[in-house]
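For reference, the structure is listed below as structure tokens.
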Amino acid sequence: MHLILPLELVSKGWGEPHPMAEAGYIPANAVMAYAPRDIAEIDILLGILRTSWDFACGHINLPSTIVIHE
């Protein structure tokens, strides 16, 4: 799943930088989130998706203030 979120998502192991971001074609905080492996990870990934959606819609200004679980 492609999202625009803080790179903290990558450092915590929830995804990797989007290849186009690494090449400099899109923002550096474009990431590809990994698929959840169990029910607990589904809840966390839904929270990550919700944060990305809220940021895209202008509901939050600083997604870096959102806590992403390890």
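The opening residue of the sequence shown carries number 157 in my numbering; numbering runs sequentially from there.
The beta carbon of each residue, even a glycine, is placed where N, CA and C say it ideally should be.
Close beta carbons around residue i, own chain, < 7 Å, minus the five adjacent residues each side
i    : result
A177 : P183, A184, A186
A179 : none
Nonlocal neighbours in the same chain, by C-beta distance under 8 Å from residue i, ignoring five residues either side
i    : result
V166 : E172, P173, V187
A196 : none
Nearest to residue i (by Cα), restricted to the options the options
i    : options                : result
H158 : E197, D199, I204       : I204
L161 : A189, E197, G180, I198 : A189
D199 : F211, W170, A212       : W170
K168 : I216, R206, D194, L201 : L201
Please give the ranges of any beta strand (DSSP E) in the segment 161-221, keeping only runs that are unbroken, at least 3 residues long and fully inside the region. Runs of the beta strand (DSSP E) lying entirely within the segment 161-221, each at least 3 residues long, are 171-173, 186-189 in chain order.
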